[in-house]
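Visitor:
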Amino acid sequence: QLQGWAIAQDGSVEEGLALMRENLTGRSALGVSWYHVRYLCMLATTLQKSGAAEAGLAVVAEAKDQAACHYEHMWDAEVERIEAEMLELCARSALECEARFRSALTTARCQSAKSFELRAAVGLAKLWARQGRGDEARDLLGPLYESFTEGFNTRDLTQTRRLLDKLH
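This note's numbering applies: residue 530 is where the sequence shown begins, and numbers increase by one.
1. Taking buried to mean at least 16 other C-beta atoms within 10 Å of its own C-beta, is Thr678 buried or exposed?
2. Quick check: the Cα distance between Glu591 and Ala581, rounded to an integer number of angstroms?
3. If you draw a straight line from the alpha carbon of Cys639 to that of Asp605, how long is it in whole angstroms?
4. Could you give the DSSP three-state label for Asn682: helix, strand or coil?
5. Mind reading off the beta-carbon distance from Glu627 to Leu669? Whole number of angstroms is fine, and I expect it under 8 Å.
6. Can you list, in chain order, the residues of its chain with a C-beta nearer than 7 Å to that of Gln660? Leave out the 5 residues immediately preceding and following it.
7. Taking the beta carbon of Arg610 as the centre, do at least 16 other beta carbons fall within 10 Å, making it buried, or is it exposed?
8. Report the residue ranges of all alpha helix (DSSP H) runs contained in full by the segment 538-573; include only those spanning at least 4 residues, in chain order.
9. Between Leu548 and Gly560, how many whole angstroms is the CB-CB distance? I'm expecting something under 8 Å.
10. Going by the C-beta, is Arg659 closer than 7 Å to any heavy atom of the ligand COA?
11. From what residue to what residue does the alpha helix (DSSP H) around Phe645 run?
12. For Phe681, does the count of other Cβ atoms within 10 angstroms reach 16, so buried, or fall short, so exposed?
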């Protein structure tokens with residue numbers, strides 16, 4: 530699964546997607562469910578990257594089913610965030626997208642999952658910024674960004690810093 534994802538991230542998206550699907554099929558055939566939700570998240574975001582948001586939404590639905598079936602809820606906030614992003618790409622209502630981002634935020638906070646909280650907050654802040662709600666976006670992101678004490682060179686925190694800079 531990771532190899533397919535890495536190939537897709539490196540630019541060979543279709544090749545990576547094929548390998549990811551093959552690996553997921555193999556895992557399912559073996560009855561392996563551990564981390565299946567995470568791998569489905571990786572597949573969904575790769576489909577998103579390829580522009581196949583509707584297919585990505587189907588994978589998100591499968592991830593939700595797998596999480597419920599196997600009690601693998603540590604990825605719930607990430608699944609909700611990915612779903613919100615997919616809904617945006619499918620031109621669903623802004624209210625529906627915002628509700629999903631807010632749900633992802635709530636879930637992440639309940640699980641004390643700061644990285645997932647940050648990702649959900651960034652998604653919601655970007656949505657708000659596009660709606661001309663930059664002050665709300667900044668008020669959401671600023672304190673969350675400041676609550677981190679390390680990892681400022683990671684992709685998530687550098688992306689957050691860039692977004693905050695644009696919002697000022």
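Ideal Cβ positions, reconstructed from N, Cα and C, are used throughout, including at glycine.
Guide: The structure says:
1. Taking the first residue of the sequence shown as 1, we reach residue 678 at position 149. Looking at its Cβ environment, which holds fewer than 16 other Cβ atoms inside 10 Å, Thr678 is exposed.
2. What you label residue 591 is simply residue 62 of the sequence shown in a count that begins at 1. What you label residue 581 is simply residue 52 of the sequence shown in a count that begins at 1. The alpha-carbon atoms of Glu591 and Ala581 are separated by roughly 16 Å.
3. To locate residue 639, count along the sequence shown from 1; it is residue 110. To locate residue 605, count along the sequence shown from 1; it is residue 76. Taking the straight line from one Cα to the other gives about 11 Å.
4. Translated into the one-based positions of the sequence shown, residue 682 becomes position 153. Coil, per DSSP.
5. What you label residue 627 is simply residue 98 of the sequence shown in a count that begins at 1. What you label residue 669 is simply residue 140 of the sequence shown in a count that begins at 1. That belief does not hold up - the Cβ atoms of Glu627 and Leu669 are roughly 12 Å apart, past 8 Å.
6. Counting from one through the sequence shown, the residue named residue 660 turns up at place 131. Answer for Gln660: Ala623, listed in chain order.
7. Translated into the one-based positions of the sequence shown, residue 610 becomes position 81. Under this definition Arg610 is a buried residue.
8. 542-559
9. Numbered from 1 along the sequence shown, position 19 holds the residue referred to as residue 548. Numbered from 1 along the sequence shown, position 31 holds the residue referred to as residue 560. In fact, because the Cβ distance is near 21 Å, the residues do not count as touching under 8 Å.
10. Among the ligands in the structure shown, none appear at all, so the ligand COA cannot be discussed.
11. In the sequence shown, the residue the question calls residue 645 occupies position 116. It spans 643-659 - the alpha helix (DSSP H) in which Phe645 sits, taken as one unbroken run.
12. Position 152 of the sequence shown holds residue 681. Classification for Phe681: exposed.
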